[in-house]
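S.K.: For reference, each letter of the sequence shown is one residue, going 115 to 304 in this note's numbering. Just so it is clear, CB atoms sit at the ideal spot from N, CA and C, and this is done for glycine as well. None of the values given here were measured: they were computed from a predicted structure. Structure below; questions to follow.
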Amino acid sequence: MDVFTAISGRRSCRKFHPEAVSDAEIEKILEAGNWAPSPANQQPWEFIVITNTGIKERIFSESEVCKKKLFERSGWKWLEKFPLDFVKDAPVIIVVAGDPKKSGADMFLDEGAGRGYLEGCSAAVQNMMLAAHALGLGSLWFSLYEAGVVRQILSMDAGKEPVALLCIGKPVSTGATKRKDFREKTTYLR
Ligand SMILES: Cc1cc2nc3c(=O)[nH]c(=O)nc-3n(C[C@H](O)[C@H](O)[C@H](O)COP(=O)(O)O)c2cc1C
115 MDVFTAISGR RSCRKFHPEA VSDAEIEKIL EAGNWAPSPA NQQPWEFIVI
165 TNTGIKERIF SESEVCKKKL FERSGWKWLE KFPLDFVKDA PVIIVVAGDP
215 KKSGADMFLD EGAGRGYLEG CSAAVQNMML AAHALGLGSL WFSLYEAGVV
265 RQILSMDAGK EPVALLCIGK PVSTGATKRK DFREKTTYLR
């Protein structure tokens, strides 16, 4: 699959087949993430690969708690009803854990200092989603969790940030979102 087809064909997946993802596929996805660009090539990511059912269920129930809290704070009705079953149903969740110390020279900026590690980790996540799609797998970038709770469930180092939980598996169905025309969002300064 060429890169343009992968980019335009990838859609978030929220319904997964229970079939396991092979180790070879997981490694291909990890390798794709690892080739992402990052500030000063600091490679601010680490990956935690979760296939353990008990751990996925703990993350799922804590995400339900988080969702309830966010609904109460926001009043957003869609949030209350938003099912999160994909968190426990996905055969694998890859946690992209970022190291805030690996932000490159942006740590010394006056504005937006220290966000470089998030940007590098985000590039890794996108690479991984495209790789999963190219392998015929679905993926979802999941973010409805409190970092401290995820750190505790996974016994993560306090200095590391769970930037994204990437749910991956064979898709039963995927979303069908559209995009605005990029021309509406582009300014050329010639
Ligand atoms: C940083 C980030 C966080 C996201 N968090 C969630 C999430 O917690 N739950 C969810 O269902 N989708 C989440 N998404 C997926 C978006 O809803 C999705 O990418 C968007 O609606 C566009 O749809 P598409 O990915 O199918 O093109 C997240 C995406 C990004 C980039």
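Using the C-alpha atoms, what's the distance from TYR259 back to GLY147?
M.R.: The straight-line gap from Cα to Cα measures roughly 22 Å.
S.K.: Given LEU144, which residues of its chain have a CB within under 8 Å of its CB, disregarding the five upstream and five downstream residues?
M.R.: Counting only Cβ-Cβ distances below 8 Å, and skipping sequence neighbours, we find PHE161, VAL163, ILE208, MET242.
S.K.: Quick check on SER188: does DSSP put it in helix, strand or coil?
M.R.: Residue state, collapsed to three classes: helix.
S.K.: So, with DSSP's three-state summary, where would you put PRO153?
M.R.: Looking at PRO153 - three-state DSSP - the assignment turns out to be helix.
S.K.: Considering Cα atoms alone, identify which of ARG293, VAL239, LYS195 is closest to PRO276.
M.R.: When each option's Cα is compared against that of PRO276, the closest is VAL239.
S.K.: Tell me where the beta strand (DSSP E) around VAL163 begins and ends.
M.R.: That run of the beta strand (DSSP E) goes 159-164.
S.K.: Round the Cβ separation of VAL210 and CYS180 to the nearest angstrom and send it over; I've been treating them as touching at under 8 Å.
M.R.: About 18 Å separates the two Cβ atoms, so there is no contact after all.
S.K.: Is the beta carbon of LYS73 less than 8 Å from the beta carbon of PHE200?
M.R.: Missing from the structure shown is residue 73; the chain here goes from 115 to 304 and no further.
S.K.: For VAL117, tell me which candidate among LEU244, PHE222, MET221, ILE173 has the shortest Cα-Cα distance.
M.R.: Looking at the Cα atoms, LEU244 is the closest of the given residues.
S.K.: Could you tell me whether any non-hydrogen atom of ligand 1 is closer than 7 Å to the CB of PHE296?
M.R.: For ligand 1, not one heavy atom lies less than 7 Å from the Cβ of PHE296.
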